[in-house]
Amino acid sequence: MLIISEELARRLVSVEDAIGAVEQTFAAMARNEARNYPVVREVVGYQDAVFGVKTGADVSAPFLGLKAGGYWPHNMSRGLTNHQSATLLFDPETGRASALVSANYLTGVRTGAASAIATKYLARPDAQTLGIIGTGAQSAYQLRATVAVRPIRSVVAWDPSPDNLERFGTIVRELGLGYEPKAEREAVAGAADVLITVTPSQQALVERGWIRPGTHISAMGADTRGKQELDPALVAAAAIFVDETAQSITIGECQHAYGAGLIGETDIRGSLGSVVVGAIEGRRGADEITLFDGTGVALQDLVVAELAVRRATEQGLGVNADY
Numbered sequence: 245m246l247i248i249s250e251e252l253a254r255r256l257v258s259v260e261d262a263i264g265a266v267e268q269t270f271a272a273m274a275r276n277e278a279r280n281y282p283v284v285r286e287v288v289g290y291q292d293a294v295f296g297v298k299t300g301a302d303v304s305a306p307f308l309g310l311k312a313g314g315y316w317p318h319n320m321s322r323g324l325t326n327h328q329s330a331t332l333l334f335d336p337e338t339g340r341a342s343a344l345v346s347a348n349y350l351t352g353v354r355t356g357a358a359s360a361i362a363t364k365y366l367a368r369p370d371a372q373t374l375g376i377i378g379t380g381a382q383s384a385y386q387l388r389a390t391v392a393v394r395p396i397r398s399v400v401a402w403d404p405s406p407d408n409l410e411r412f413g414t415i416v417r418e419l420g421l422g423y424e425p426k427a428e429r430e431a432v433a434g435a436a437d438v439l440i441t442v443t444p445s446q447q448a449l450v451e452r453g454w455i456r457p458g459t460h461i462s463a464m465g466a467d468t469r470g471k472q473e474l475d476p477a478l479v480a481a482a483a484i485f486v487d488e489t490a491q492s493i494t495i496g497e498c499q500h501a502y503g504a505g506l507i508g509e510t511d512i513r514g515s516l517g518s519v520v521v522g523a524i525e526g527r528r529g530a531d532e533i534t535l536f537d538g539t540g541v542a543l544q545d546l547v548v549a550e551l552a553v554r555r556a557t558e559q560g561l562g563v564n565a566d567y
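Basically our numbering = 1-based index in the sequence shown + 244.
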């Protein structure tokens, strides 16, 4: 079995690499060549942790495997990140476990990649102002991925933590971009051409009336029942695109509008992968509000892990262990 450490995964897969890989697997999903299997996600009942397992397979690559991990909210005091996960890949020819890949960095970069692909296909071409609601650890991935697909000039951001805002601002300025931390979420939402929400919130943070016509929104925080970042009326008013419909209406941002009867499955325009392969159209006009509900699917995790394994094998890196 090949074992890839956290540090090595960072060296092997860049933000740009992840965007390309995730776009390919979204396309494979749209062509029915790749499937995500049902998600297991549960409250552990110990250390206030949430633990989940995501699995899937892409027969066009081919690869298959699982990512297991979750959220341990007290880890920061231990000098660890709150999100912890690992990906286990299996040989698609034999089913034998073939690689174990540390997935903390890869989870962050694949999430940023998914949002960036949505921005690439759904945001206005002239989008220049990025708004971020939530400037925790994931915000840096979102920022770097977005600037890879749009000519962003300025960033506005909100977070309840001044320290988070300051740390994020340092990264923004290092990229040579203008930066304005805001005291109110409404100011961020109203200024953004592209708005990314990336929080663990369980209540709406962005109201319908705050969003200008033509804005693209990537809602990336909701991946569990009860999580919420957007006003359900805003979701209902937008052109909705998803990574996977079943997850979106059960654990994603759409769960609340769907549960309230404001939208049905037919109101979801389609998957982002369907836009990528040209099966459906994306933005229909400059004034349309587009929404990507990014719940996070197993194939995103597996494709970046498979890329890391492939590159490590080519370069003779990683640790091989008898298994």
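Glycine included, each C-beta is placed from N, C-alpha and C at the ideal position.
If only complete runs of 3 or more residues are kept, the region 430-470 shows the beta strand (DSSP E) at 438-441, 446-450, 460-463, in order along the chain. Rounded to whole angstroms, the gap between the alpha carbons of residue 546 and residue 463 is 21 Å. Residue environment analysis places residue 550 among the buried positions, since at least 16 neighbouring C-beta atoms fall within 10 angstroms of its C-beta. Excluding residues up to 5 positions away in sequence, 259, 263, 356, 357, 359, 360 lie with their Cβ nearer than 7 Å to the Cβ of residue 389 in the same chain. Counting only residues of its own chain and dropping the five nearest sequence neighbours on each side, residue 364 has a CB closer than 6 Å to the CB of 393. Taking the Cα of residue 564 as reference, the smallest distance to any Cα among 342, 277, 276 is reached at 342. Residue 424 is not a Cβ neighbour of residue 450, given a cutoff of 7 Å. Ranked by Cα distance from residue 511, the options 501, 519, 520 are led by 501. Following the DSSP letters along the chain, one finds residue 376 inside the beta strand (DSSP E) bounded by residues 373-377. Looking at 535, 446, 320, 267, the one whose alpha-carbon comes closest to that of residue 353 is 267. With a threshold of 16 other beta carbon atoms within 10 Å, residue 478 meets it and is buried. Following the DSSP letters along the chain, one finds residue 278 inside the beta strand (DSSP E) bounded by residues 278-280. Taking one beta carbon from each stretch, the region 529-544 and the region 463-474 have 3 or more pairs nearer than 8 Å; the two touch. A check of alpha carbon separations from residue 315 across 309, 307, 327, 372 identifies 327 as the nearest. When C-alpha distances from residue 351 are compared across 566, 548, 554, the shortest belongs to 548. C-alpha of residue 320 to C-alpha of residue 292: approximately 13 Å in a straight line.
Here the region 427-443 makes no contact with the region 407-417; the two share fewer than three CB pairs at distances below 8 Å. Excluding five sequence positions before and after residue 428, the CB atoms of its chain that fall closer than 8 Å to its own CB belong to 402, given in chain order.
Put simply, of 274, 554, 481 the residue whose alpha carbon is nearest the alpha carbon of residue 531 is 481. By a beta-carbon distance limit of 8 Å, residue 396 does not contact residue 366. Their separation comes to about 15 Å. DSSP, read as helix, strand or coil, puts residue 385 in helix.
Ranking 471, 436, 448, 472 by CA distance to the CA of residue 457 puts 436 first. In summary, residue 337 is exposed, with fewer than 16 beta-carbon neighbours lying within 10 Å of its beta-carbon over all protein chains present.
CA-CA distance, residue 404 to residue 490, rounds to 31 Å.
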